[in-house]
Every structure is written in C-alpha cells, then in structure tokens.
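Shown next, in structure tokens, is the structure this report addresses.
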Amino acid sequence: MKIATWNINSLRVRLPHVLDWLKSNPVDVLALQELKLTDDSFPRAEIEAAGYHAVFSGQKTYNGVALLSREPMRDVDMGIPGFKDEQRRVISASLGNVRVVNLYVPNGQSVGSDKYQYKLIWLEALRNWLGETFRHSEQIVVVGDFNIAPADEDVHDPLVWKDQVLCSGPEREAFRALTTLGYRDLFRRFEQAPQSYSWWDYRAAAFRRNLGLRIDHILANATFAQACGSCTIDVAPRKLERPSDHAPVIAEFRLD
DNA sequence: ATGGCGCGCGCAGCGCGA
Numbered sequence: 000m001k002i003a004t005w006n007i008n009s010l011r012v013r014l015p016h017v018l019d020w021l022k023s024n025p026v027d028v029l030a031l032q033e034l035k036l037t038d039d040s041f042p043r044a045e046i047e048a049a050g051y052h053a054v055f056s057g058q059k060t061y062n063g064v065a066l067l068s069r070e071p072m073r074d075v076d077m078g079i080p081g082f083k084d085e086q087r088r089v090i091s092a093s094l095g096n097v098r099v100v101n102l103y104v105p106n107g108q109s110v111g112s113d114k115y116q117y118k119l120i121w122l123e124a125l126r127n128w129l130g131e132t133f134r135h136s137e138q139i140v141v142v143g144d145f146n147i148a149p150a151d152e153d154v155h156d157p158l159v160w161k162d163q164v165l166c167s168g169p170e171r172e173a174f175r176a177l178t179t180l181g182y183r184d185l186f187r188r189f190e191q192a193p194q195s196y197s198w199w200d201y202r203a204a205a206f207r208r209n210l211g212l213r214i215d216h217i218l219a220n221a222t223f224a225q226a227c228g229s230c231t232i233d234v235a236p237r238k239l240e241r242p243s244d245h246a247p248v249i250a251e252f253r254l255d
C-alpha cells in the first residue's frame with residue numbers, strides 16, 4: 000500500500016499536475032492540502048475518470064483538504080472532534096484496517112502573532128485527539144503539511160531560521176509530542192540524502208539552489224510504522240511549469 | 001534592503017502562504 004501527501008496550492012491550477020503525477024505514481028492514497036476551492040467546484044469527475052475515489056472538505060480561497068483513493072473509503076470524518084474550527088484543515092477516512100488522517104496544520108505566519116497562537120492551540124487539540132481517540136492495535140497513518148521543520152537537519156539554513164515560524168521551539172515540541180504518543184516520522188526511519196526538503200520558496204530561485212524545508216510528513220503509529228518499507232520525497236513535480244511550492248512525500252507499507 | 005513568487009479575489013492591489 001502506497002500513501003502520499005502533497006500540498007498542491009490550488010487544486011484548480013494544479014489539477015493537471017495531480018492527474019499526471021497519479022498516472023506515473025499510481026499510489027493507493029493521495030492526501031491533498033490547500034485545495035483553495037469550495038466543495039461545489041471540486042473536480043470530482045476528472046479524479047474519478049483517473050480511477051480514484053475522492054472525499055474532501057473545502058472552503059473558498061483558503062485551506063481545504065482531500066483524500067483520493069483507489070478503493071472506496073469508509074467512516075469519513077472532518078476536523079478535530081470537539082475542536083471548533085471554521086478552517087477546513089483535517090479529513091480522515093479508513094481503508095481496510097488502515098486509518099488515514101490528512102492534516103493541513105496552520106502556518107502560524109510569525110512567532111508571537113495571533114495566527115501563531117492559533118497554530119499552537121490547534122496542535123494541542125491535535126495531540127489530545129491523536130492521544131485519546133485511537134487504539135494502539137489500529138494501523139494509523141497521519142500525513143500532511145505540518146508546517147513544522149522538526150529538526151535543524153530539515154532546514155537549509157538553521158541559523159537564518161532559528162526561532163522563526165516553522166522552526167520555533169514550541170512548534171518543534173508540539174511535533175515531538177506526537178512522537179511521544181508513538182507516532183513515528185517515517186522519513187527519518189530510512190537512510191536519506193542530506194538536504195532533503197519538501198518545500199521551497201517560489202522566490203529567489205530557492206528550488207534551484209535547494210534552499211528548502213522539510214515540513215510535509217508521514218507519521219505512523221508503532222503498529223503501522225513497522226510495516227513501512229520506504230519513505231521518499233519526489234522532487235520531480237517541483238521542476239514543472241507553474242509548480243506547487245511543495246513536493247509529494249510517499250510511504251510504502253506491507254499489508255498483512 | 002523584510003522584497004523576491006504565486007495564489008484567490010476581482011479588476012487594483014492586497015492578504016496570505018512558508
């Protein structure tokens with residue numbers, strides 16, 4: 000089973016990239032973030048024509064998440080239970096014995112801002128939910144744009160980014176708290192090339208110079224993490240015309 | 001040098017992303 004996550008920064012603009020990518024990377028599940036469209040303009044027909052089921056939670060202009068899958072999904076949930084949030088950032092569904100949680104974590108804008116406070120509260124609600132809701136016997140994968148670079152090795156210039164949003168102590172502690180709950184960062188369970196990133200600024204030729212951050216992640220609980228055989232970042236779509244600023248992350252699992 | 005680019009909205013230029 001292959002599960003991928005990709006912040007596509009407008010599904011309307013990036014739909015051709017998504018369909019092309021699925022053609023050459025026929026993953027079982029693709030989690031999308033930043034759809035930037037309402038549910039009534041979701042391109043369901045095009046995605047179904049490509050052989051995928053789709054569930055989604057969109058809104059106008061901002062945010063929006065979707066799960067695409069080869070097999071039909073069950074028990075689709077939106078949001079973090081008990082956490083009031085107008086912003087469409089979470090969608091979850093089950094496939095076989097696997098629970099997939101797709102996140103678009105708030106960006107936070109800048110340390111100390113209102114949006115940063117919202118990010119930390121949001122992450123606290125996420126931690127409580129992931130810690131309380133799921134049983135360890137389940138196979139759980141949590142994917143998405145976490146908007147957190149967990150460690151300095153995930154940052155092209157740790158000095159420039161030190162204590163900045165995406166890299167600040169409280170954000171990294173929130174990420175580590177998920178690890179403490181038993182969720183493993185699958186990318187770091189395998190040998191990786193140095194300077195591996197999943198996002199590059201559109202400005203200043205950041206991609207060409209590989210000035211990036213690793214902020215898109217695939218986490219799995221212990222039960223499911225041991226079934227993971229690989230976790231990689233596919234930088235190819237970032238080289239296309241009018242690319243998303245994020246690259247897809249893909250994990251492969253052995254199913255019993 | 002706090003911009004740079006790309007998106008949505010909407011028709012100019014701003015808010016936002018990361």
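Counting from 0, one number per residue, gives the positions in the first sequence under numbering that gives the first Met the number 0. Beta carbons are placed, not taken as given, at the ideal position from N, Cα and C, and that holds for glycine. Please read these numbers as outputs of a predicted model, since none were measured by experiment.
Taking the C-alpha atoms as reference points, what is the distance between residue 99 and residue 52?
Each residue's alpha carbon lies about 14 Å from the other.
Are the beta-carbon atoms of residue 244 and residue 201 separated by less than 7 Å?
yes
Enumerated in chain order, which unbroken segments of the alpha helix (DSSP H) with a length of 4 residues or greater are wholly contained in the segment 93 to 160?
113 to 132, 157 to 160
Which residue spans inside the segment 192 to 242 form an unbroken alpha helix (DSSP H) run of at least 4?
221 to 224
Can you find the residues in the same chain that come closer than 7 Å, C-beta to C-beta, to residue 195, ignoring five residues on each side of it along the sequence?
213, 232
Taking only three categories from DSSP, how would you classify residue 39?
helix
Tell me the DSSP bridge mates of residue 4?
30, 248
Round the Cβ separation of residue 89 and residue 101 to the nearest angstrom and send it over; I've been treating them as touching at under 8 Å.
So it is a contact: roughly 7 Å between Cβ atoms.
Report the three-state DSSP secondary structure of residue 175 (helix, strand or coil).
It is helical.
So, residue 49 versus residue 66, is the Cβ gap smaller than 7 Å?
no
Given that a residue counts as buried once 16 or more other Cβ atoms are within 10 Å of its Cβ, and exposed if not, what is residue 157?
exposed
Where do the ends of the alpha helix (DSSP H) carrying residue 14 lie?
Where residue 14 is concerned, the enclosing alpha helix (DSSP H) stretches over 10 to 23.
Is the Cβ-Cβ distance between residue 92 and residue 142 less than 7 Å?
no
To which residues of the same chain is residue 241 closer than 7 Å at the C-beta, ignoring the five residues directly before and after it?
If the five residues before and after residue 241 are omitted, its C-beta is found closer than 7 Å to the C-beta atoms of 12, all from its own chain and listed in chain order.
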